[in-house]
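Residue numbers (the numbering used here): 8 to 295.
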Ligand code: KIV
């Protein structure tokens, strides 16, 4: 039996062509990456959401390129099948195409990811084109761009209230595709717009809060498992109440320790009888 080989950008194109939905999940460490792979996800995104779910920030803005590289190295090290995408953090690609290319190259070279992802529409197209030209696959990210949270004044669905905004998002999708991106995340747009974008572009759209018509979906590991339970965004389906289950398990552990129920003999290591006898007699001799 041969091991399955790692998913590639070509598989993404094939899946879109065949109408096979793409399941993508975020991953940041050995546990999330290994579980995602075992569960059969097609792609793992080392997202800058790590700023929120791992580092405890309110936004993704404090995440640095070194942080993404550190976590991406773990995810690539412990998996063999899913395609791995590394997120470009805020201000690591916004200054110039040259800055973006140098940082995308570093991310790919130092972590082993198969592609980088960056937020932006038409204005980012020259940067995407430059990076793709250098041989680095780019996943675009249009619609709600969390790195622009302060520009929006909060995390808001885009292209819902104004036809001109919606038209601009369609133009963004075309620009990102024409710049050479192999796929794009479409985040926080109305269902109808998610559908129009998906029908109009020939590269796969990976939706989050963008309705069911995208070519694939991406979810944040902690949201899916109910580990991040401070609040529940509308687009999230919690498959288990992880935080509640974990809290209850940890509380049982605390209770067992405090009431002498853990550890028991089955969790401990007994000394060999002859070693114990020798030690006991040595100990007795010391006391004489
Ligand atoms: O950083 C991230 O995890 C993302 C996904 C939510 C799409 O960009």
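We put the CB at the ideal spot given by N, CA and C, even for glycine. Predicted model, so just to flag it, every value in this text is computed and none were measured.
Taking 8 Å as the line, does the beta carbon of residue i fall inside it for any heavy atom of the ligand KIV?
i, result
"residue 78", "no"
"residue 239", "no"
"residue 215", "yes"
"residue 236", "no"
"residue 202", "no"
"residue 153", "yes"
"residue 273", "no"
"residue 43", "no"
"residue 148", "yes"
Output the boundary residues of the alpha helix (DSSP H) element that contains residue i.
i, result
"residue 146", "Per DSSP, residue 146 belongs to no alpha helix (DSSP H); it is in the beta strand (DSSP E), 145–150."
"residue 22", "16–25"
"residue 203", "198–207"
"residue 134", "132–140"
"residue 257", "249–265"
When the Cα atoms are used, what is the spatial distance from residue i to residue j?
i, j, result
"residue 83", "residue 228", "16 Å"
"residue 262", "residue 275", "19 Å"
"residue 103", "residue 258", "51 Å"
"residue 13", "residue 121", "10 Å"
"residue 225", "residue 280", "57 Å"
"residue 289", "residue 277", "18 Å"
"residue 204", "residue 193", "9 Å"
"residue 47", "residue 178", "33 Å"
"residue 92", "residue 124", "7 Å"
"residue 113", "residue 140", "16 Å"
On the three-state DSSP scale, how would you describe residue i?
i, result
"residue 8", "Its pLDDT being 45, under 50, residue 8 is placed unreliably in this model, and the value from its coordinates should be taken loosely. Residue 8: coil per DSSP, three-state reduction."
"residue 193", "strand"
"residue 237", "coil"
Is there a Cβ of chain D sitting closer than 9 Å to that of residue i, yes or no?
i, result
"residue 177", "Checking the listed chains, one finds no chain D in this structure; it contains a single protein chain."
(message) What ranges does the beta strand (DSSP E) occupy inside the region 45–108, keeping only unbroken runs of at least 3 residues that lie completely in it?
(response) Segments of the beta strand (DSSP E) lying fully in the region 45–108: 50–53, 90–94.
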